[in-house]
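Asker: 57 is the number of the first residue of the sequence shown in the working numbering; add one for each residue after it.
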Amino acid sequence: MAKTFKASDVASHNKPTDLWIIVDEDVYDLTKFQEEHPGGKKILQRVGGKEASKQFWKYHNEGILKKYKPQLQVGSLDTKVQPAAPPTPPTTPPPQKQDKVEPVAESGTISVVPTEDVEEEEAMDAFGSMIPYADPSWYQSYHTPYFNQTHADLRAEVRQWMEDEIMPFVSDWEEAKKVPDSVYKAMGEKGYLAGLMGMHNYPTHLTNHRVKCVPPEKWDLFHDMLITDELSRSGSGGFVWNVIGGFGIGGPPVVKHGKPELIKRIVPGILSGDKRICLAITEPDAGSDVANLTCEAKLTEDGKHYIVNGEKKWITNGIWCDYFTVAVRTSDKGMNGISVLLIEREHGGVSTRRMDCQGVWSSGTTYITFEDTKVPVENLIGKENQGFKVIMTNFNHERIGIIIQCIRFSRVCYEESVKYANKRRTFGQKLISHPVIRLKLAHMARQIEASYSWMESLIYQCQKMNDTEAMLKLGGAIAGLKAQSTVTFEFCAREASQIFGGLSYSRGGQGAKVERLYRDVRAYAIPGGSEEIMLDLSIRQAMRVHKALGMKL
Ligand code: HEM
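Structure below.
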């Protein structure tokens, strides 16, 4: 059992050689830690033996206590009410259902009085911090046509895992440019990897792992979306790309277009988190312009192998991968000369080196060379010279992943800003009391909510269509939303950074997420189709599709 102390016991530990403090009724021994405290030892000594919650929360955010508690906490005050059982809800406890709250009008606002004859349906229980717009509205007791209890359960499961085992360490992993392999393995064991393949149904035929709280037959694309969304609360593109960046775009082409024997041989190992796969399309000289790629694959005379030679650049996860889903040139006929091969590191002639980039540090951005790599023809994905369609179909899934992440990152920037604006005081007032700060928050929120609603509706359309129909009918809108979400993300990162001031200019500490996300912006606005290409495509594609649907001009 944890030790309990009276406040008067703690008071005697007030010397540099014996330094205890109280934060939120928990007691910490900082005697050794004071030497390594980034804020200095004197500031700790000044609160030695005392209640220091107010000072603590002024300078730190929640992650710090989670990280240091195990090594520094020696007990709690006897006044602290101990929880009866281990807490199951997320760290930010959902508010309990309460008696109906009648809205009261504030000056300048309008309150709506519900009419009596409207039949009321129950919205789902509130979840999360309840800071308006910091979570989607269906988390905050508003109605939704898309989500049900299985989604709510999955959301709670992933959030708990993120808050306990991921968030406190994300900054360290980002600096180390590596996430522990055990995290990727856990993604497999928890059934998340299998759920992230962009498939309408949970692939029970490819793995024995299951998502604990969602029966496979209930799985849909909104569950897929929720995992990415909750992972993105890490506020780190590097983390999200480390665990799903290569896999989420390199895996689906194999599962959807690979030969049955190939799928059976390699996919179970990938879904269990033992093996890693990535997508290699971009080259030093071909990015959004996929039809011009040059990495060549020549068929051997006996027709049994392709010999691959060429370079791939900016490939997420490449340095750690066993498998590479690679776009290669098999004929000189532009987009009709592209094929997709599953190349295995074991085939030989594969070299990978880490690239130093502006953002997403822990994602392992890689430069790859293939030198006379000998690939069996059985590893062809789809048909020879018809790889362009495989790549294009895959782009929808990749772009939706980027959209989900960008919208959540925008929320993180907004949420961090709201929290900080409610504690930081300037000119005698909290930041939130300054109209100029509220204006920034309002501009962030309106873009986040508009983007999120468009995303929900497109995911619903994807759920209703097969991949080919979705590629044709939704490709334009998904491209448009990709641009919308990256522009929103860039705006929110900038505004959050202005609100945090110097704290988002230095790395670590309270502004850590905002500083990191600000550096990650370009990793989202450029790959997967740059903003410019996306916006142009969104109109061209929509025009083409609607001509076929009977558009009258
Ligand atoms: C359990 C006790 C504490 C731990 C584990 C702790 C840990 C840390 C860490 C890791 C940082 C680096 C910045 C960050 O990551 O947030 C930091 C900075 C800081 N801490 Fe603490 N701290 C503790 C208590 C306190 C208390 C009681 C005070 C004030 C009386 C304090 C004042 C500061 C200051 C001023 C900074 C520098 C903030 C900045 O760079 O803007 N700390 N602390």
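From the three backbone atoms N, C-alpha and C, an ideal C-beta is built for every residue, glycine too.
Suppose the cutoff is 7 Å on Cβ atoms and the five residues either side in sequence are ignored; what does the same chain contact list for L573 look like?
Answerer: Counting from 1 along the sequence shown, the entry for residue 573 is found at position 517. Excluding sequence neighbours, L573 sits near G291, F465, V468, C469 and A549.
Asker: Does DSSP classify A539 as helix, strand or coil?
Answerer: One-based indexing of the sequence shown puts residue 539 at position 483. DSSP places A539 in helix when its eight states are reduced to three.
Asker: Is it a yes or a no for the region 298-318 touching the region 590-603, going by three-plus beta-carbon pairs under 8 Å?
Answerer: Too few Cβ pairs lie closer than 8 Å, so no.
Asker: Ignoring anything shorter than 3 residues or poking outside the region 374-454, list the beta strand (DSSP E) runs there in chain order.
Answerer: Counting only runs of 3 or more, we get 379-385, 394-400, 406-410 and 421-432.
Asker: Can you give me the C-alpha to C-alpha distance between Q154 and R575, rounded to a whole angstrom?
Answerer: Here the question's residue 154 lines up with position 98 in the sequence shown. Here the question's residue 575 lines up with position 519 in the sequence shown. In this predicted model, Q154 has a pLDDT of only 46, less than 50, meaning its place in the structure is not dependable; the value taken from the coordinates is given anyway. Computed Cα separation, rounded: 42 Å.
Asker: Considering only the alpha carbon of each residue, which of E400, M391, I399 and R410 lies closest to F444?
Answerer: Looking up residue 444 in the sequence shown gives position 388. It is M391 whose Cα lies nearest to the Cα of F444.
Asker: Take G532 and list the residues in its own chain whose beta-carbon comes closer than 6 Å to its own, dropping the five residues that flank it on each side.
Answerer: Your numbering for residue 532 matches position 476 in the sequence shown. Here the set comprises S594, Q597 and A598.
Asker: Buried or exposed: which applies to P324, given that a residue is buried once 16 or more other Cβ atoms fall within 10 Å of its Cβ?
Answerer: Working through the sequence shown from its first residue, we reach residue 324 at position 268. It is buried - the Cβ of P324 has at least 16 other Cβ atoms within 10 Å.
Asker: Under a three-way DSSP split, which group does G131 fall into?
Answerer: By 1-based counting over the sequence shown, the position of residue 131 is 75. Here G131 sits in strand by DSSP.
Asker: Measure the C-alpha to C-alpha separation of P146 and K496 and round it to an integer number of angstroms.
Answerer: Taking the first residue of the sequence shown as 1, we reach residue 146 at position 90. Taking the first residue of the sequence shown as 1, we reach residue 496 at position 440. Note on P146: pLDDT 49, under 50, position unreliable in the model; no value is reported.
Asker: Can you list, in chain order, the residues of its chain with a C-beta nearer than 6 Å to that of T408? Leave out the 5 residues immediately preceding and following it.
Answerer: By one-based count along the sequence shown, residue 408 stands at place 352. Excluding residues within five positions, the ones whose Cβ falls inside 6 Å are G374, I375, T422 and I424.
Asker: Cα-Cα, which of R211, R578 and P224 is closest to V270?
Answerer: Taking the sequence shown and counting its residues from 1, one reaches residue 270 at position 214. With distances taken between Cα atoms, V270 lies closest to R211.
Asker: Excluding the 5 residues preceding and the 5 following K529 in the sequence, name in chain order all residues of the same chain whose CB lies nearer than 6 Å to its CB.
Answerer: If you number the sequence shown from 1, residue 529 lands on position 473. Answer for K529: V601, listed in chain order.
Asker: Quick check on DSSP: helix, strand or coil for K354?
Answerer: Along the sequence shown, one-based indexing puts residue 354 at 298. In this structure, K354 counts as strand in the three-state DSSP scheme.
Asker: Could you tell me which residues DSSP puts in a beta bridge with W370?
Answerer: What you label residue 370 is simply residue 314 of the sequence shown in a count that begins at 1. None; W370 has no bridge partner.
Asker: Reducing DSSP to helix, strand and coil, say where K496 ends up.
Answerer: For this step, residue 496 is matched to residue 440 along the sequence shown. Here K496 sits in helix by DSSP.
Asker: Touch check for the region 293-300 and the region 225-236: three-plus C-beta pairs under 8 Å?
Answerer: Yes, the region 293-300 is in contact with the region 225-236.
Asker: In whole angstroms, what separates the C-alpha of G584 from that of L262?
Answerer: Translated into positions along the sequence shown, residue 584 becomes position 528. Translated into positions along the sequence shown, residue 262 becomes position 206. Roughly 27 Å separates the two Cα atoms.
Asker: Would you mind stating whether V431 and G438 have Cβ atoms separated by less than 7 Å?
Answerer: By 1-based counting over the sequence shown, the position of residue 431 is 375. By 1-based counting over the sequence shown, the position of residue 438 is 382. Contact flag unset, no.
Asker: To which residues of the same chain is D280 closer than 7 Å at the C-beta, ignoring the five residues directly before and after it?
Answerer: Position 224 of the sequence shown, counted from the first residue, corresponds to residue 280. Here the set comprises G251, L252 and G254.
Asker: Which residues in the same chain as M243 place their Cβ atom closer than 8 Å to its Cβ, once the five residues preceding and following it in sequence are excluded?
Answerer: As a working mapping, residue 243 is identified with position 187 in the sequence shown. Closer than 8 Å at the Cβ level, and outside the excluded window around M243, lie L249, V299, I300 and G329.
Asker: Check whether the Cβ of Y379 lies closer than 6 Å to any heavy atom of the ligand HEM, and answer yes or no.
Answerer: Your numbering for residue 379 matches position 323 in the sequence shown. No; taking the cut-off as 6 Å, the Cβ of Y379 has no heavy atom of the ligand HEM nearer than that.
Asker: Hey, how far is the Cα of P143 from the Cα of K368?
Answerer: Residue numbering aside, residue 143 sits at position 87 when the sequence shown is read from its first letter. Residue numbering aside, residue 368 sits at position 312 when the sequence shown is read from its first letter. Summary for P143: the model assigns pLDDT 49, below 50, so the residue's position carries little reliability, and this model does not support an answer.
Asker: Consider the C-beta atom of Y84 and the heavy atoms of the ligand HEM; say whether any pair is separated by less than 6 Å.
Answerer: Taking the sequence shown and counting its residues from 1, one reaches residue 84 at position 28. Flag set: Cβ of Y84 near the ligand HEM.
Asker: When you compare each of M411, S387, P309 and I333 to P340 by their alpha carbons, which one comes out closest?
Answerer: As a working note, residue 340 is residue 284 in the sequence shown. When only C-alpha atoms are compared, the closest one is M411.
Asker: Count the C-beta pairs between the region 499-517 and the region 451-466 that are closer than 8 Å, then say yes if the count reaches three, no if not.
Answerer: As far as the Cβ criterion goes, the region 499-517 touches the region 451-466, which means the pair count is three or higher.
Asker: In terms of residues, what are the limits of the beta strand (DSSP E) holding D82?
Answerer: The residue you call residue 82 lines up with position 26 of the sequence shown. Counting along the chain, the beta strand (DSSP E) containing D82 begins and ends at D82 to D85.
Asker: Can you tell which of K98, R215, F89 and K234 has its C-alpha closest to the C-alpha of W417?
Answerer: By one-based count along the sequence shown, residue 417 stands at place 361. Comparing Cα positions, the closest option is K234.
Asker: Let me make sure I understand the geometry here. Which of I77, A58, K59 and I326 has the alpha-carbon closest to that of P66?
Answerer: Taking the sequence shown and counting its residues from 1, one reaches residue 66 at position 10. The sequence shown places Val at residue 66, not Pro. Ranking I77, A58, K59 and I326 by Cα distance to V66 puts I77 first.
Asker: Quick check on this structure: which residue in K122, D237, V83 and E92 has the alpha carbon closest to the alpha carbon of V103?
Answerer: Taking the first residue of the sequence shown as position 1, residue 103 is located at position 47. Ranking K122, D237, V83 and E92 by Cα distance to V103 puts V83 first.
Asker: Measure how close the beta-carbons of I333 and G306 come, nearest whole angstrom, since I'm counting them as under 8 Å.
Answerer: The sequence position of residue 333 within the sequence shown is 277, counting from 1. The sequence position of residue 306 within the sequence shown is 250, counting from 1. With 8 Å as the limit, I333 and G306 qualify as a contact, their Cβ atoms being about 4 Å apart.
Asker: Note the first and the last residue of the continuous beta strand (DSSP E) segment covering D74.
Answerer: For the purposes of this step, residue 74 is identified with residue 18 of the sequence shown, where counting begins at 1. Note, D74: beta strand (DSSP E), D74 to V79.
Asker: Determine the DSSP secondary structure at C269, reduced to helix, strand or coil.
Answerer: Residue 269 sits at position 213 when you count from the first residue of the sequence shown. Looking at C269 - three-state DSSP - the assignment turns out to be coil, as it is neither helix nor strand.
Asker: May I ask you to report which of helix, strand or coil DSSP gives R467?
Answerer: As a working note, residue 467 is residue 411 in the sequence shown. Reduced to three states, the DSSP call for R467 is helix.
Asker: Kindly indicate which three-state DSSP category V601 falls into: helix, strand or coil?
Answerer: On the sequence shown, residue 601 is found 545 positions in, with the first residue counted as 1. Reduced to three states, the DSSP call for V601 is helix.
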